[in-house]
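Protein chains in written order, with this note's numbering: chain A, 234 to 346; chain B, 599 to 711. Idealized CB from N, CA, C, for every residue including glycine. These notes are about the structure you will find just below.
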């Protein structure tokens with residue numbers, strides 16, 4: 234399977250704990266995006282990388298959120314000191330430089346209790 | 599402020615008939631538009647796209663129409679099939695801003711057999 238892969242698929246955590254999600258993009262894709270989707274809403278942009286460089290961060294990305302793409306391949310999204318409002322589906326997508334068509338993974342569903 | 603809006607949260611259509619999903623946008627910098635289909639507990643799946651230099655793009659049963667002056671696009675599905683039942687998201691991209699996608703809130707399409 235050469236699509237975008239996200240792990241874990243589901244994560245339940247207690248408020249105040251740290252969580253980390255991983256995304257493996259389509260191998261030849263330079264760009265990698267993170268989005269967040271809450272119930273009844275469309276996905277909202279969080280941040281994106283071009284190769285290993287993080288080029289843009291949304292104001293939705295508070296200081297508790299950090300993302301990395303150390304070697305320009307997989308990416309991680311960490312949320313520190315989770316809050317109930319962080320409960321959402323976290324989606325990763327990848328695309329080729331200069332194209333708008335982004336391909337999404339199946340997402341990580343985070344539930345903060 | 600919502601830059602991309604899908605004003606119909608749901609649409610019900612009889613199998614074999616046409617489904618028309620609508621989307622409006624406000625940002626004149628958007629130069630590429632996409633439709634994604636989403637099943638529950640899965641990530642969005644890319645369906646069809648259109649550049650702002652075109653007014654129509656067709657792919658099998660799916661056609662997207664773009665009216666730049668009205669800042670409006672629509673997705674036509676003909677004929678509709680029960681397997682088309684899903685949530686459809688309209689998304690817009692600005693090539694000069696990293697191609698991050700701005701999504702509408704989605705329209706739930708139900709195709710009745």
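Within 8 Å, strictly: CB atoms of residue 239 of chain A and residue 338 of chain A: yes
Between the CA atoms of residue 285 of chain A and residue 626 of chain B - distance to the nearest angstrom: 30 Å
Cβ neighbour criterion (16 or more within 10 Å) applied to residue 668 of chain B: exposed
Inter-stretch contact at 8 Å, needing at least 3 Cβ pairs: the stretch 264–274 of chain A / the stretch 311–328 of chain A: yes
Chain B contact for residue 271 of chain A (CB, 8 Å cutoff): no
Interface partners of residue 630 of chain B on chain A, CB under 8 Å: 333
Sub-8 Å separation of residue 604 of chain B and residue 700 of chain B beta-carbons: No, the Cβ-Cβ distance between residue 604 of chain B and residue 700 of chain B is not below 8 Å.
Alpha helix (DSSP H) segments (min. 4 residues) lying fully within the stretch 260–285 of chain A: none
Between the CA atoms of residue 308 of chain A and residue 251 of chain A - distance to the nearest angstrom: 17 Å
Range of the contiguous beta strand (DSSP E) that encloses residue 333 of chain A: Counting along the chain, residue 333 of chain A falls outside any beta strand (DSSP E), and DSSP gives it neither H nor E.
Distance, residue 293 of chain A Cα to residue 331 of chain A Cα: 25 Å
Beta carbon proximity, residue 658 of chain B to chain A, threshold 8 Å: no
Euclidean distance between Cα positions of residue 256 of chain A and residue 682 of chain B: 28 Å
Where residue 635 of chain B falls, given that 16 or more other Cβ within 10 Å makes a residue buried: Residue burial is scored here from C-beta neighbours: residue 635 of chain B has at least 16 other C-beta atoms within 10 angstroms and is therefore classed as buried.
Boundaries (first-last residue) of the beta strand (DSSP E) holding residue 634 of chain B: 630–636
Chain B contact for residue 265 of chain A (CB, 8 Å cutoff): For residue 265 of chain A, the closest Cβ of chain B is not nearer than 8 Å.
Paired residues, beta bridge with residue 701 of chain B - DSSP: B:689
Beta-carbon proximity list for residue 672 of chain B, same chain, < 8 Å, skipping 5 on both sides: 618, 619, 620, 621, 662, 663
Bridge-paired residues (DSSP) for residue 307 of chain A: Residue 307 of chain A pairs with nothing; no bridge assigned.
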